[in-house]
DNA sequence: CGGGATGTTGACAAGCCTCAAGACCAGTGG
DNA sequence: CCACTGGTCTTGAGGCTTGTCAACATCCCG
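Protein chains in written order, with the working numbering: chain Y, 15 to 241; chain W, 15 to 241.
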């Protein structure tokens, strides 16, 4: 929860005292004079809490974010991992239904939700973009729902392919998240995730160079396990 | 699949030869001259198929609809049950990601997706309505994802409360769907659903008057099992 | 080098699925 | 009116996958 080295300004909640007005927000803020601000969070730092007013919409510039909710039984459900370029925190209501935390040191760009909706009120293209972004979240939720019916190995295989697609460089991926994060994302325990990864390693489907440095050696076999 | 008594015109795919232009589409078609047409399907009749072009958006007038996809292993995932008043078949893309079938004899009202999007292109309120409807679907998917982490009993309890809220009249609900449908919706087998219902009956939490006629006698206990 | 966090592996238990048999119910035809 | 039939639902027995608990290994960082 506390890493004493602070790479940048650190207030728990943004209230961002105007930082750097910057580049287009996923091709969004180019439309109108949306003010985008940058902000940096350290690992495990909260970006926003569940049920908080949704004041901003975010885009990851660098780093990784998890959105999650805590269940009554103490377990945690991770809704999504957001990596460089991803937009998160967009809701059509007024409150966040999931909390968001930086997994590692993360820089985000943010725009006020109100400004965005204001623009959407006059600009049809922006309004359409908001819709398709929410539809994208829906698609992801539906895919996770499908995954939830599958075996542990199928879920892990699917996860690996997703991460391979999203963050592999030179055929190798450096996972930002721990085994527990993966488990809470897939609806498995960290032990089951570890066992699945070990088995894939034993079978030569993947290779490790450190627990979070993974090379996929046989993507086709992973796809065959997959949806 | 085939019930020889046809209550109304029966073509497998709409291509609806203008039937009854009628009342507002969930407060939607009141905005512009959207033409709404009615159509009736018999039980187990397909309304649209997976990956079909999303030509229409539907509202249930009478009856019940299930949307679903078939998995590669032959199992079926039901995404949602749609009852009187519910809108379904709205996607932001061009294809349906789930198929839709009538569970019982069902009348729907439908409007062309193109017309709707056209109106949304000029009418900000309609555009906003499309967004919030998709956001509602997202919320439902997120709730199902949460449920998928819970025990069989918790899922069934949640299902009962949902159906009680949506279709109970005089404290009694007449489920339109069979045990297999419920199982495919909750990610359980029909046997597990049946066992959970029997247990709730034994505990006096609910009462049967026919397998699909259920009275909830202790909603609070169901809520305590629930999310 | 030491210590905490993270990851791996093993043994066991629990919950749910599978398979199977039988009960119930509605519709049909004799 | 009753037997028959197909579909739906219930109930039981056993097995499998995954969760739980525990021990140990590894890594990172001071």
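Quick reminder that beta carbons are idealized off the backbone N, C-alpha and C, glycines included.
Just so we're clear, the structure is a prediction, and the values are computed from it rather than from any experiment.
So the beta strand (DSSP E) residue i belongs to, where does it begin and stop?
{"i": "residue 96 of chain Y", "result": "90-97"}
{"i": "residue 60 of chain Y", "result": "60-62"}
{"i": "residue 126 of chain Y", "result": "120-126"}
{"i": "residue 113 of chain Y", "result": "113-116"}
{"i": "residue 54 of chain Y", "result": "51-55"}
{"i": "residue 186 of chain Y", "result": "186-188"}
{"i": "residue 174 of chain W", "result": "Here residue 174 of chain W belongs to no beta strand (DSSP E); instead the alpha helix (DSSP H) covers 166-181."}
Got a sec? Which residues, its chain only, sit under 7 Å from residue i by beta carbon, not counting five neighbours each side?
{"i": "residue 36 of chain W", "result": "Model confidence at residue 36 of chain W stands at a pLDDT of 42, short of 50, so the residue's coordinates are unreliable and nothing is read from them."}
{"i": "residue 106 of chain W", "result": "148"}
{"i": "residue 97 of chain Y", "result": "74, 78, 180 and 181"}
{"i": "residue 187 of chain W", "result": "177, 178, 181 and 228"}
{"i": "residue 69 of chain Y", "result": "126 and 127"}
{"i": "residue 237 of chain Y", "result": "175"}
{"i": "residue 134 of chain Y", "result": "140, 141 and 144"}
{"i": "residue 194 of chain Y", "result": "204"}
{"i": "residue 66 of chain Y", "result": "109 and 110"}
Leaving out five residues before and five after residue i in sequence, what residues of the same chain have Cβ atoms less than 6 Å from its Cβ?
{"i": "residue 72 of chain Y", "result": "102, 103, 122 and 124"}
{"i": "residue 235 of chain Y", "result": "219"}
{"i": "residue 223 of chain W", "result": "none"}
{"i": "residue 209 of chain Y", "result": "none"}
{"i": "residue 201 of chain W", "result": "162"}
{"i": "residue 230 of chain Y", "result": "178 and 220"}
{"i": "residue 129 of chain Y", "result": "48"}
{"i": "residue 100 of chain W", "result": "74"}
The alpha helix (DSSP H) with residue i in it runs from where to where?
{"i": "residue 201 of chain W", "result": "That residue, residue 201 of chain W, is in no alpha helix (DSSP H); it is neither H nor E in DSSP."}
{"i": "residue 71 of chain Y", "result": "Run containing residue 71 of chain Y: none in the alpha helix (DSSP H); it sits in the beta strand (DSSP E), 70-76."}
{"i": "residue 144 of chain W", "result": "138-161"}
Along chain W, in chain order, which residues have C-beta atoms closer than 8 Å to that of residue i?
{"i": "residue 91 of chain Y", "result": "159, 160 and 163"}
Chain W partners of residue i, CB-CB under 7 Å?
{"i": "residue 212 of chain Y", "result": "Chain W residues near residue 212 of chain Y: none, gap ~24 Å exceeds 7 Å."}
{"i": "residue 13 of chain Y", "result": "The structure shown does not extend to residue 13 of chain Y, since chain Y is modelled only from 15 through 241, so no value can be given for it."}
{"i": "residue 148 of chain Y", "result": "145, 148, 149 and 152"}
{"i": "residue 63 of chain Y", "result": "None at all; the shortest Cβ gap to chain W is about 17 Å."}
{"i": "residue 155 of chain Y", "result": "152, 155, 156 and 159"}
My assumption, with CB atoms under 8 Å, is that residue i sits in contact with residue j. Please give the rounded CB distance.
{"i": "residue 57 of chain Y", "j": "residue 117 of chain Y", "result": "6 Å"}
{"i": "residue 152 of chain Y", "j": "residue 155 of chain W", "result": "6 Å"}
{"i": "residue 76 of chain W", "j": "residue 120 of chain W", "result": "7 Å"}
{"i": "residue 81 of chain W", "j": "residue 93 of chain W", "result": "5 Å"}
Within the same chain, show all residues whose beta-carbon is closer than 8 Å to that of residue i, passing over the 5 residues directly before and after it, in chain order.
{"i": "residue 240 of chain W", "result": "168, 171, 172 and 175"}
{"i": "residue 233 of chain Y", "result": "175 and 178"}
{"i": "residue 185 of chain W", "result": "229 and 230"}
Just to make sure I have the definition right: I need the residues of chain Y whose C-beta is within less than 8 Å of the C-beta of residue i. Which are they?
{"i": "residue 138 of chain W", "result": "134, 135, 136, 138 and 141"}
Contact set between the segment 99-124 of chain Y and chain W, restricted to residues whose Cβ is under 9 Å from the partner
105, 106, 107, 111 and 112
What residues in the segment 179-208 of chain W have a beta carbon less than 7 Å from any beta carbon of chain Y?
201
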